[in-house]
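In our numbering, the protein residues as written are 47 to 307.
Next up, the structure:
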């Protein structure tokens, strides 16, 4: 409600601004109001040239004479009566030419904000098993392995590219640090062949992993499992790989993270 007039609506009578011809209407205050219509129907004349101008004009009249002298003089919109218009702020009107790759998000400039929102509150799901993808610690990885099945044989590894990005020094660094075996992808996905470090040049190192340790759940101390995983995460810049042996205790498959291996 406008405290000065006691009204809860803006009253317009006989508005004659540009395309508006003796327009009369009431607009509710303190509500979201949308002005829509075909091109040339007078939307901008009503919103910008009438409501915004009259609201700013009335606000300027409340200022001191010295302050009013610093502001541009606004003419009163042509109308029989305008009442209960509060001070207004008008966002600049402009046209926008959409590009070939324009989206609603980029056009409304909320794309960056949505990116931050999804990054902080979104949940990443595995596209194959729809299990939530979460960052893991050495403790949580060790617990997952121990809970999978008894006597699970596995190897802890990290990516060659994470350890030494410079390919010319990869073999030298790995050899100096005591690593001797690699797992390389040759064939179907998840199918890896182990090779000696001195034969690594025969394979594609973009998908090569360094074997750090060989372990068995149930017979290996939990502390050693966690230590090996922690070392692999450190060498692999936050990533490690658990390679499962083909068969164990008569079982051909196990399920980890919703996927069967």
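We treat Cβ as the ideally placed atom computed from N, Cα and C, and that holds for glycine.
These numbers come from a predicted model, not from an experiment.
Chain-order list of residues whose beta-carbon lies under 8 Å from that of residue i (same chain, five-residue window excluded)
{"i": "residue 57", "result": "72, 127, 128, 129 and 130"}
{"i": "residue 225", "result": "243, 256, 257 and 258"}
{"i": "residue 274", "result": "202, 258, 259 and 261"}
Residue i in three-state terms, based on DSSP
{"i": "residue 150", "result": "helix"}
{"i": "residue 296", "result": "Confidence is the limiting factor: at residue 296 the pLDDT is only 42, short of 50, which leaves the residue's position unreliable and the question unanswerable from this model."}
{"i": "residue 288", "result": "strand"}
{"i": "residue 270", "result": "helix"}
{"i": "residue 219", "result": "helix"}
{"i": "residue 173", "result": "coil"}
{"i": "residue 123", "result": "coil"}
{"i": "residue 202", "result": "strand"}
{"i": "residue 259", "result": "strand"}
{"i": "residue 239", "result": "strand"}
Inter-residue Cα distance where the pair is residue i and residue j
{"i": "residue 111", "j": "residue 96", "result": "24 Å"}
{"i": "residue 115", "j": "residue 125", "result": "25 Å"}
{"i": "residue 228", "j": "residue 206", "result": "9 Å"}
{"i": "residue 266", "j": "residue 186", "result": "16 Å"}
{"i": "residue 223", "j": "residue 193", "result": "32 Å"}
{"i": "residue 66", "j": "residue 109", "result": "30 Å"}
{"i": "residue 300", "j": "residue 182", "result": "Unreliable placement is indicated for residue 300, whose pLDDT of 49 sits below 50; the coordinate value is still reported in the next sentence. About 19 Å."}
{"i": "residue 189", "j": "residue 286", "result": "15 Å"}
{"i": "residue 203", "j": "residue 283", "result": "12 Å"}
Spatially closest choice to residue i from the options, by CA coordinates
{"i": "residue 122", "options": "135, 77 and 104", "result": "104"}
{"i": "residue 184", "options": "288, 198 and 68", "result": "288"}
{"i": "residue 277", "options": "201, 156 and 143", "result": "201"}
{"i": "residue 136", "options": "153, 98 and 77", "result": "98"}
{"i": "residue 78", "options": "156, 55, 285 and 154", "result": "55"}
{"i": "residue 197", "options": "86, 285 and 268", "result": "268"}
{"i": "residue 272", "options": "106, 191 and 218", "result": "191"}
{"i": "residue 120", "options": "133, 113 and 106", "result": "106"}
Residue i beta carbon near the ligand ZN (any heavy atom closer than 8 Å)
{"i": "residue 73", "result": "Among the components modelled here there is no ligand, and therefore nothing to report on the ligand ZN."}
Contacts around residue i, its chain only, beta-carbon distance under 6 Å, and the 5 residues preceding and following it disregarded
{"i": "residue 100", "result": "123, 128 and 131"}
{"i": "residue 170", "result": "179"}
{"i": "residue 59", "result": "70, 126 and 127"}
{"i": "residue 43", "result": "Outside the displayed span of the chain (47 to 307) sits residue 43, for which this structure offers no information."}
Cβ-based neighbour list, residue i, same chain, cut-off 7 Å, excluding 5 preceding and 5 following
{"i": "residue 64", "result": "88, 91 and 95"}
{"i": "residue 221", "result": "243"}
{"i": "residue 81", "result": "89, 92 and 93"}
Residue-chain proximity (residue i, chain C), Cβ-Cβ < 9 Å
{"i": "residue 279", "result": "Note that chain C does not occur in the displayed structure, where there is just one protein chain."}
Any beta strand (DSSP E) of 3 or more consecutive residues that is wholly inside the stretch 61-96: 69-74
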